[in-house]
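Novice: Mind having a look at this structure? Questions to follow.
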Amino acid sequence: MCGRLNIAEPQKLSNLLAEFAIDSSPDEFFAGRFIRATNMVSVLTHTDGHIGLQPATWWLLLEPNEITFKPSKYTSFNTRYDKLNIPRSAGFQAYRKSRCIIPVNGFGETEFKDRKAQHYHDMVGLDKPLLMGGLTRVWRHPKTGQTARSCSVITVPPHHKLQHIHSKSMPLIMPHDKDLISNWLNPELQNTE
C-alpha cells in the first residue's frame, strides 16, 4: 500500500461520528487530500471505557529526541497481516491490546511500470468513509513525560481487481458494523486467534 491517505471530506467523517455515536467534532480530523506517512491522522480508539477520536502520528514506531518524538528509522506506517502473530514483531502487542480504526475518504496507490510511476489511483469510498483497521501505541518521553500516540495501517493481500495497481498489499478495510468495530477496538478482547 502506498503511503497516501485522502481525508478531504469532513462531512462524510462527521456522519461517521454520528453513526457510531462518537462525541467529537469533524474539526478534530486531520484533513488533506494527500496525507503522507509520518503526518498526523485521526484514529478511533477505545480509551477510558469509550470510543473516541485521537490524534496519532502515522508511523507506529517512534523514538524520543530531546523534547518530543520522531519517527523511527524502521518503516512502520503499515503492518503486514502475516507479522501480527510473530512475538518480536513491531505490531505483536498492539494487535492484542491497542487496535484502532483510521477513518479515511480513500487511499492512494501508484502504478509502476519498469520502476517508474505511471498512474496515481485514488481509491475512494462512495457514500461512507473507508474504515481502515490499524494498530496504535502510546509513547511516554523518558525526560519530559510527554505522551504521543502513533498508528499503522494493517495490510492484507490485494483484492484480485487491484493487483494490477499494487501487487503486494492493500489496507484492511473494516465493514460499517457497529458491533464489529466495538469489538475490534475493545482492549479487553485479546484472543486474536
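According to my numbering, the sequence shown is numbered sequentially starting from 3. Beta carbons: idealized from backbone N, C-alpha and C, even for Gly. It should be emphasised that the depicted structure is a prediction, and the values quoted were computed from it without experimental measurement.
1) Which value, in whole angstroms, describes the spacing of the CA atoms of E11 and I69?
2) Work out the CA separation of K145 and I103 for me, nearest whole Å.
3) For F31, collect the residues of the same chain with a Cβ closer than 7 Å to its Cβ; drop the 5 residues on either side in sequence, then sort them by chain order.
4) Whole angstroms is fine: what's the gap from K170's alpha carbon to V158's?
5) In three-state DSSP terms, what is R90?
6) Evaluate G5 with the Cβ neighbour count: other Cβ atoms within 10 Å of its Cβ, from every protein chain shown; 16 or more gives buried, anything less gives exposed.
7) Flag this pair as touching only if the stretch 56-66 and the stretch 131-143 have three or more C-beta atom pairs under 8 Å; answer yes or no.
8) Does the distance from the C-beta atom of H52 to that of P189 stay below 8 Å?
9) On the CB-based measure, 16 or more other CB atoms within 10 Å of its CB, does E21 come out buried or exposed?
10) How is the beta strand (DSSP E) around P66 delimited, first residue to last?
11) Closer than 7 Å by C-beta to R35: which residues in its own chain qualify, once you throw out the five before and the five after it? Chain order, please.
12) Look up Q56 in the DSSP assignment and say whether it is helix, strand or coil.
13) Which residue spans inside the stretch 113-144 form an unbroken beta strand (DSSP E) run of at least 3?
14) Determine whether the beta carbon atoms of V126 and F79 lie at a separation below 8 Å.
Specialist: Judging by the given coordinates:
1) Each residue's Cα considered, the two are about 34 Å apart.
2) CA-to-CA, the gap between I103 and K145 works out to about 30 Å.
3) The residues are I9, P12, L15, S44.
4) Whole-angstrom Cα-Cα distance: 8 Å.
5) Residue state, collapsed to three classes: coil.
6) Buried: at least 16 other Cβ atoms inside 10 Å.
7) As far as the Cβ criterion goes, the stretch 56-66 touches the stretch 131-143, which means the pair count is three or higher.
8) At the C-beta level, H52 and P189 stay beyond 8 Å of one another.
9) Flag for E21 reads exposed.
10) Here the beta strand (DSSP E) through P66 covers 64-66.
11) Close CB contacts of R35 within its chain, under the 7 Å cut and outside five residues either way in sequence, are with N8, A10 (chain order).
12) Residue state for Q56 is assigned as strand, using DSSP reduced to three classes.
13) Residue ranges of uninterrupted beta strand (DSSP E) with 3 or more members, entirely inside the stretch 113-144 and ordered along the chain, are 118-126, 132-142.
14) The answer is no: Cβ separation not under 8 Å.
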